[in-house]
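Visitor:
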Amino acid sequence: MTETPPPADLEELLALAADHGLDLVPDSLRTEEVGLDFRVAFARARDGQRWVLRIPRRAEVLPRAAIEGRLLALLAPRLDVAVPDWRISTERLIAYPLLPGTPGLTVRADGAVDWHVDMASTEFASTLGAFIAQLHAVDPVEAAATGIPAHTPAQVREGWRADLARVAEHFEIAPALRERWESWLAEDSYWPDRSVLTHGEIYPGHTLVQGERLSAVLDWTTAAVGDPARDFMFHRAGAPPEAFDAALAAYTDGGGTVHARLGEHCEEMFSASPLAYGLYALETGEQQHREAAAAALAP
1 MTETPPPADL EELLALAADH GLDLVPDSLR TEEVGLDFRV AFARARDGQR WVLRIPRRAE
61 VLPRAAIEGR LLALLAPRLD VAVPDWRIST ERLIAYPLLP GTPGLTVRAD GAVDWHVDMA
121 STEFASTLGA FIAQLHAVDP VEAAATGIPA HTPAQVREGW RADLARVAEH FEIAPALRER
181 WESWLAEDSY WPDRSVLTHG EIYPGHTLVQ GERLSAVLDW TTAAVGDPAR DFMFHRAGAP
241 PEAFDAALAA YTDGGGTVHA RLGEHCEEMF SASPLAYGLY ALETGEQQHR EAAAAALAP
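This is the structure:
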C-alpha cells in the first residue's frame, strides 16, 4: 500500500472500529478514497492482525452489500484465490482480515496511480484465466439465490439498449460513439449464448498479486449472472495480445468456453464504459459526477 498521511477524521474511524470490537493502532490507519460506494481503510490491530475496513458512503449501497456477503460465503470454498472473509458486517462497517498479496494498483492521495502488476505478464494472465474459469463454473442458479442480479443473454443485451436509451435522454453522446454502440448492439455475432456468474469488474484495483500470480480478488458488489465477457473486458483493454491469449488458454484449460468474437466483444463493451458513469451520475445526482460523465460521453 502506498504510504499516505493519516485521514483527517482518524479519531472517528478509530471509534467506529472500537464500536465493533476492533482495537486498532492509531498510526497504522490509512485510507483510500477512490471507491464510489465505499470508503476503504487499512489498519493493524493491537494483536498484530491487519484489517481492511469498508465504510459505506451512502445508505443505498447497503442492500447490495448484504447480497455481496452471501455471495462471498458461497464462493470462498470454491476458488483457489482468496476472497474477503467478512468478520464484521453492519450498516456502519464491513471489516475483514487483510488478504494475501499486493494490490495490482494503488492510488496516491494526489491521484497518481502506482502499478504493481505487469499487464504483459503471461503468468499473471494464466492465473487470471484459471480463476475466471472456476468462477464461471459456479452454478448460476445457486449464485442467483444469493440475491445477485441474474439475466439471460437476451436480457443482458436488452439491458445495454435500455442503458443507452436512458443515458441518451439526459446527456449528449458523441455521434461516433453512439453509432459504434448501436452497431455493437445490433450485431448478433458479438453476443454469447450463455450466462455465467461474473465478478463484473476485474481490473488491477480489485486484484491482489504475489509475484506475478493472482492471489485474491476484492470488491464483489458488481457480481451478477450475465455476460462472461465482463470478466475479460479490462484485461483485453489493458494487456497485450499474447497475455490475453494466455488468459483465454488457461480459461479453456479450466473448462471455460470461449465464443468466437469474445475479444472484439470485450473491446466494444469497454468502449461503452462511459454509459456506466452516466448511470452513476444519474443515481447520485451530484454535479461533479454529471460533469465527468458528460465529458466521457462527448469527448
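Numbering (UniProt numbering), first residue to last: 1 to 299. Virtual Cβ for every residue (Gly too), placed ideally from N, Cα, C.
Who does Thr106 pair with in a DSSP beta bridge?
Guide: Asp114
Visitor: I'd like the ranges of any alpha helix (DSSP H) spanning at least 4 consecutive residues and lying wholly in the stretch 219 to 264.
Guide: The qualifying runs are 233 to 238 and 241 to 253.
Visitor: Of the residues Thr198, Gly129, Ala168 and His170, which one's Cα is nearest the Cα of Val156?
Guide: Thr198
Visitor: According to DSSP, which residues form a beta bridge with Phe38?
Guide: Pro56
Visitor: Roughly how many whole angstroms lie between the Cα atoms of Pro175 and Ala109?
Guide: 36 Å
Visitor: Nearest to Leu275 by CA position, among Leu93, Asp19 and Ala298, is which residue?
Guide: Ala298
Visitor: Exposed or buried, which one is Pro228 when buried takes at least 16 other CB atoms within 10 Å?
Guide: buried
Visitor: Only counting the same chain, and skipping five residues up and downstream in sequence, which positions put a Cβ closer than 8 Å to that of Asp231?
Guide: Excluding residues up to 5 positions away in sequence, Ile132, Leu135, His136, Thr198, His199, Gly200 and Ile202 lie with their Cβ nearer than 8 Å to the Cβ of Asp231 in the same chain.
Visitor: Can the beta-carbon of Ala45 be found closer than 8 Å to that of Leu24?
Guide: yes
Visitor: Are the CB atoms of His259 and Pro204 nearer to each other than 8 Å?
Guide: Cβ atoms of His259 and Pro204: not closer than 8 Å.
Visitor: Please report the distance separating the alpha-carbon of Met269 from that of Gly226.
Guide: 13 Å
Visitor: Tyr190 to Gln49, Cα distance in whole Å?
Guide: One Cα belongs to Tyr190, the other to Gln49, and the distance between them is close to 47 Å.
Visitor: Beta carbon of Ala295, beta carbon of Ala281: below 8 Å?
Guide: no
Visitor: Give me the residue from Phe42, Glu33, His20 and Ala18 with the minimum Cα distance to Asp27.
Guide: Proximity to Asp27 across Phe42, Glu33, His20 and Ala18 peaks at Phe42, based on C-alpha coordinates.
Visitor: I'd like the span of the alpha helix (DSSP H) that includes Ala272, first residue to last.
Guide: That residue, Ala272, is in no alpha helix (DSSP H); it is neither H nor E in DSSP.
Visitor: Less than 7 Å between the CB of Pro84 and some heavy atom of the ligand NAP, yes or no?
Guide: The ligand NAP is not part of this structure, which contains no ligands at all.
Visitor: For the beta strand (DSSP E) containing Arg30, name the first residue and the last one.
Guide: Arg30 to Glu32
Visitor: Return helix, strand or coil for residue 302, following the three-state DSSP convention.
Guide: Because the chain is modelled from 1 through 299, residue 302 falls outside the range shown and cannot be assessed.
Visitor: With Ile94 as the anchor, note down where its beta strand (DSSP E) starts and where it stops.
Guide: Ile94 to Pro97
Visitor: Kindly give me the distance between the Cβ atoms of Gly129 and Tyr251, rounded to whole angstroms, as I take these residues to be in contact under 8 Å.
Guide: 4 Å
Visitor: For Arg87, which residues in the same chain have their Cβ closer than 8 Å to its Cβ, ignoring the five residues on either side in sequence?
Guide: Take Arg87, set aside five residues on each side of it, and the residues of its chain with a beta-carbon closer than 8 Å to its own are Ala95, Tyr96 and Pro97, in chain order.
Visitor: Starting from Val216, trace the alpha helix (DSSP H) in both directions and tell me its first and last residue.
Guide: One detail in the question is off: residue 216 reads as Ala in this sequence, not Val. Note, Ala216: premise wrong, no alpha helix (DSSP H); beta strand (DSSP E) at Arg213 to Val217.
Visitor: DSSP state of Ile88, grouped into three classes?
Guide: strand
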